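A.B. asks: Here you go, one structure.
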Amino acid sequence: MFRTVRRTQFCRRRCTAFLSCSINNNGNNNNNMFTALRALSSDAEAAASDVTLSSYQGIELRIPKDYPGVNKVRMENGHRIYCSRYPSVIEETKQYKGICDYMFQCWQKAPDGVPAFTQAETGEALTYQQMRPVTEKIASVLYHGYGVRKGDVVCLMLHNSIYYPTIAYGIIRLAAITTTINAASNVEGLSTHMEISRAKTIVCSRQTQEVVEGMIVHVKQQTGQEVRALYLEDFIKMEHVEGIPSSYTAMEEAKMDDVAFLPFSSGTTGAPKGVQLTNWNLTVAVVQKSHIFPVSPADRFLAVMPFFHIFGFTSIMSGGMAGNAQQFLATRYHADTYLQYVEKYKITAGFVAPPIVSSLVHRMEQPSCKADVSTLRYLMCSAAPLSQNIAARLRKQMPHVDVGQSWGMTEMAPTVCTYPRDDPAMDYRLCGVLAPDTELRVIKVDDSQQSGADKSAGIDVEEEGQEGEIWVRGPQRMKGYLNPEDDYNAVMEDGWYRSGDMGYVRPDVKAILISGRLKELIKYKGFQVSPPEIEAELIKHPWVQDCIVVGVTNPEDVSFENARALVVLKDHVKEEDRRQAEKVIFQYIKEVEPPHKQLHGGVHIVDEIPRNATGKLLRRVARQQEMDYIKIHGFPNFK
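Going by UniProt numbering, 139 is the number at position 139 of the sequence shown; the sequence numbering is gapless.
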């Protein structure tokens with residue numbers, strides 16, 4: 001629907017949006033700045049401008065005449081390719097030897113006395129001038145005390161701490177490889193991570209000593225490998241540390257193609273995989289971010305998203321350091337303490353996931369909430385889609401705050417599209433702009449594709465606006481998966497990474513929207529949950545004959561998916577047991593899986609599992625059936 005209207009007043013308090021072009025001195029479109037979508041007030045008086053009202057898929061935008069679009073588009077070999085409006089960052093990135101060289105130069109540029117990281121709970125801080133010496137100290141301890149050398153893998157298992165970046169980059173400074181894991185991991189999960197990554201050293205806290213010691217015993221029994229632990233509390237107490245010998249020049253000799261970071265992702269399908277990110281991948285990813293969302297020492301971020309997560313590591317921790325921003329870290333999230341920290345530390349920006357936004361909204365809607373959040377200007381949301389209901393309520397509580405979304409994946413380090421600073425996302429449901437040098441296609445999906453692992457014909461959707469699988473490519477794309485058995489080729493097509501996510505491009509403004517997932521992964525509050533892992537546990541239960549796990553959303557909060565099991569019981573299960581089977585099986589998984597892998601979507605006993613003629617699980621069919629079932633019967637309340 002299109003029609004021409006005249007509107008007045010420039011304001012950001014409405015969910016409807018206004019696009020305004022940035023014009024250079026010659027009157028041409030300035031490609032160095034993203035064209036913004038701004039909110040309009042319907043009742044204000046100001047200079048009038050001609051705009052076109054455009055409604056598409058329920059999102060209404062008011063578009064200025066001759067607006068060039070959010071992203072560019074071109075044709076190549078018959079393919080419709082969307083690309084960034086930003087200039088290339090390739091030549092800029094080439095001037096650095098690696099991610100450590102880049103980061104050390106950024107630290108050196110910081111004004112004296114500017115705190116890089118402050119522990120919100122205690123006020124303890126490290127300035128940018130202290131970052132390099134502490135990084136050298138941890139590198140020296142690992143070099144002399146633990147024998148860490150080029151190519152070795154060191155695991156980092158900590159809650160967000162002011163020492164986290166110095167440890168991560170201290171490892172990379174030795175030309176070794178940093179791999180990260182959730183500090184809440186159990187013995188089994190940590191052991192698996194250590195075995196797959198082949199890490200021989202772990203840096204951790206005394207708070208997790210019992211789990212770490214259990215892992216050391218388990219890995220020794222399973223592989224014969226000795227794992228050594230360096231506890232942060234012991235490191236902090238060390239006063240006299242021998243420096244790294246000048247003859248060790250691994251950092252200076254590092255190549256851009258050397259692997260520096262090994263986060264884990266479930267990829268498009270299957271169990272967690274080690275994702276090899278090189279010096280080049282990391283450096284270009286941070287440089288890209290600095291162009292879209294530039295920061296300065298005046299910025300004060302509140303970081304509650306965990307740094308072990310790729311978004312936390314690259315976009316928040318490293319992206320903030322690139323511009324010398326001040327970052328305030330919280331080891332755990334709670335709505336009350338988050339709001340307290342915003343007020344206490346005069347926070348200007350927060351990087352969050354939708355569940356955090358939801359809890360903040362719920363808290364601020366309570367009459368007892370008196371928090372002063374007037375300094376907060378930006379909320380960047382990632383890891384999952386932000387629901388329309390929650391975003392609208394957030395705008396009501398924080399009308400002065402710009403809310404935007406990013407979209408990416410571990411394999412892209414992670415940014416594909418992101419929120420541009422001072423050019424707020426035209427609508428929170430849109431994914432912002434493509435990162436510099438990043439390209440995207442929308443590929444037709446047929447009924448034979450039940451997950452991202454299925455072969456694709458690689459044909460573009462026929463028209464803009466049609467839904468398809470999103471394919472991406474760019475210089476930040478991973479080198480590959482760690483292990484040969486992880487099928488890198490299954491997610492690559494002629495240099496394109498198959499995201500497994502479904503989406504479409506809005507024709508009028510060339511903006512990208514993510515509508516769902518082709519892949520079988522479930523995203524629960526920012527964590528990736530692999531259904532086959534839960535299915536492997538379910539099938540061990542003596543009552544379970546067959547099963548499938550799918551992701552379903554709660555109609556009251558659609559910002560994340562919940563794992564839901566469809567189970568076929570064995571014939572011998574007694575009638576009285578059948579009546580309580582759903583609760584029994586739910587409790588069984590609750591006892592054997594960590595919190596994010598539990599069946600928050602409940603258990604449904606069914607007569608058969610949807611499969612095709614060859615016996616392949618039809619996850620998309622099963623998920624749709626369960627979503628329809630929930631619409632009629634309501635979302636389950638398992639506890």
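Built from N, CA and C at the ideal position, the CB exists for glycine as well. Since the model is a prediction, treat every value here as computed from it, not as a measurement.
Specify the secondary structure class of H193 as computed by DSSP and reduced to three states.
C.D. replies: Note: H193 maps to helix in three-state DSSP.
A.B. asks: Terminal residues of the continuous beta strand (DSSP E) containing D234?
C.D. replies: It is not in any beta strand (DSSP E) - D234 instead sits in the alpha helix (DSSP H) that spans L232 to K237.
A.B. asks: Which residues does DSSP pair with D336 in a beta bridge?
C.D. replies: Per DSSP, none; premise fails for D336.
A.B. asks: Work out the CA separation of F311 and M256 for me, nearest whole Å.
C.D. replies: Answer to the nearest angstrom: the Cα atoms are 21 Å apart.
A.B. asks: Does the distance between the C-beta of V217 and the nearest non-hydrogen atom of the ligand FMN fall short of 6 Å?
C.D. replies: Among the components of this structure there are no ligands whatsoever, and the ligand FMN is therefore not found.
A.B. asks: Of the residues A622, S191 and I196, which one's Cα is nearest the Cα of V219?
C.D. replies: Selected option, being the one with the closest Cα: S191.
A.B. asks: Between the C-alpha atoms of V342 and L379, what's the straight-line distance to the nearest angstrom?
C.D. replies: The straight-line gap from Cα to Cα measures roughly 12 Å.
A.B. asks: Report the option in K574, G634, L262 and P294 whose CA atom is closest to the CA atom of C155.
C.D. replies: Of the listed residues, the one whose Cα sits closest to C155 is L262.
A.B. asks: Roughly how many angstroms separate the alpha carbons of H240 and K137, rounded to a whole number?
C.D. replies: Those two C-alpha atoms are separated by around 9 Å.
A.B. asks: Return helix, strand or coil for Q327, following the three-state DSSP convention.
C.D. replies: Looking at Q327 - three-state DSSP - the assignment turns out to be strand.
A.B. asks: Are the Cβ atoms of F328 and A110 separated by less than 7 Å?
C.D. replies: No, these two residues do not count as a Cβ contact at 7 Å.
A.B. asks: For G58 and L174, what's the separation of their Cα atoms in angstroms?
C.D. replies: So the alpha carbons of these two residues sit roughly 52 Å apart.
A.B. asks: Report the option in A581, A536, S456 and R579 whose CA atom is closest to the CA atom of N489.
C.D. replies: The shortest Cα separation from N489 among A581, A536, S456 and R579 belongs to S456.
A.B. asks: Consult DSSP for K523 and reduce its assignment to one of helix, strand or coil.
C.D. replies: Three-state DSSP puts K523 in a strand.
A.B. asks: I'd like to know if the stretch 220-229 and the stretch 200-207 are in contact, where contact means that at least 3 CB-CB pairs between them fall below 8 Å.
C.D. replies: The stretch 220-229 is in contact with the stretch 200-207.
A.B. asks: With DSSP as the reference, label M33 as helix, strand or coil.
C.D. replies: Confidence at M33 is low in this model, with a pLDDT of 32, below 50, so its placement is unreliable and the value that follows should be read with caution. Coil, per DSSP.
A.B. asks: On the three-pair Cβ rule with 8 Å, is the stretch 86-104 touching the stretch 285-299?
C.D. replies: Touching, yes.
A.B. asks: If I measure Cβ to Cβ from Q545 and keep anything under 7 Å in the same chain, skipping five residues before and after, which residues do I get?
C.D. replies: These residues qualify, in order along the chain: V568, L569 and K570.
A.B. asks: Label M194 either buried or exposed according to how many other C-beta atoms from any shown protein chain fall within 10 Å of its C-beta, with 16 as the threshold for buried.
C.D. replies: M194 comes out buried.
A.B. asks: Alpha carbons only, please: which of E626, V509 and E575 is nearest the one belonging to N562?
C.D. replies: Checked all of E626, V509 and E575; the closest Cα to N562 is E626.
A.B. asks: In whole angstroms, what is the alpha-carbon distance linking R498 and C83?
C.D. replies: R498 and C83: Cα-Cα distance of roughly 16 Å.
A.B. asks: Which residues bound the beta strand (DSSP E) around D402?
C.D. replies: It spans D402 to Q405 - the beta strand (DSSP E) in which D402 sits, taken as one unbroken run.
A.B. asks: Which residues in the same chain as residue 715 place their Cβ atom closer than 6 Å to its Cβ, once the five residues preceding and following it in sequence are excluded?
C.D. replies: Limits of the chain in this structure are 1 at one end and 639 at the other, which puts residue 715 out of reach.
A.B. asks: Under a three-way DSSP split, which group does T375 fall into?
C.D. replies: Reduced to three states, the DSSP call for T375 is coil.
A.B. asks: For I539, which residues from the same chain have a beta carbon less than 7 Å from its beta carbon, with the 5 sequence-adjacent residues on both sides left out?
C.D. replies: C547.
A.B. asks: Tell me the residue span of the alpha helix (DSSP H) that contains I138.
C.D. replies: Y128 to Y146 is the extent of the alpha helix (DSSP H) around I138.
A.B. asks: With C-beta atoms as the reference, is V461 less than 7 Å away from V491?
C.D. replies: No. Outside cutoff.
A.B. asks: Quick check: the Cα distance between R579 and I632, rounded to an integer number of angstroms?
C.D. replies: If I take the Cα positions, the gap works out to 20 Å.
A.B. asks: For the putative contact between F301 and A349, defined by C-beta atoms under 8 Å, what is the C-beta separation to the nearest angstrom?
C.D. replies: That pair is a contact at about 5 Å.
A.B. asks: Which class does F2 belong to by DSSP, given the choice of helix, strand or coil?
C.D. replies: Only weak support exists for where F2 lies, its pLDDT of 34 falling under 50; the value from the coordinates is given anyway. DSSP places F2 in strand when its eight states are reduced to three.
A.B. asks: State the beta-bridge partners of P115 as determined by DSSP.
C.D. replies: Answer is T127, bridged to P115.
A.B. asks: Contact criterion: CB-CB distance below 7 Å. Does I181 meet it with respect to chain B?
C.D. replies: Reference to chain B is not applicable here, since this structure consists of a single protein chain.
A.B. asks: List the endpoints of the continuous beta strand (DSSP E) containing Q225.
C.D. replies: No beta strand (DSSP E) contains Q225, which DSSP labels as neither H nor E.
A.B. asks: Run the CB neighbour count on R473, radius 10 Å, all protein chains shown included, and call it buried at 16 or more, exposed below.
C.D. replies: Buried: at least 16 other Cβ atoms inside 10 Å.
A.B. asks: Using the three-state DSSP reduction, which class does V509 fall into: helix, strand or coil?
C.D. replies: V509: coil per DSSP, three-state reduction.
A.B. asks: The alpha helix (DSSP H) that contains D101, what's its start and end?
C.D. replies: Taken as a continuous stretch (DSSP letters only), the alpha helix (DSSP H) holding D101 covers I99 to Q108.
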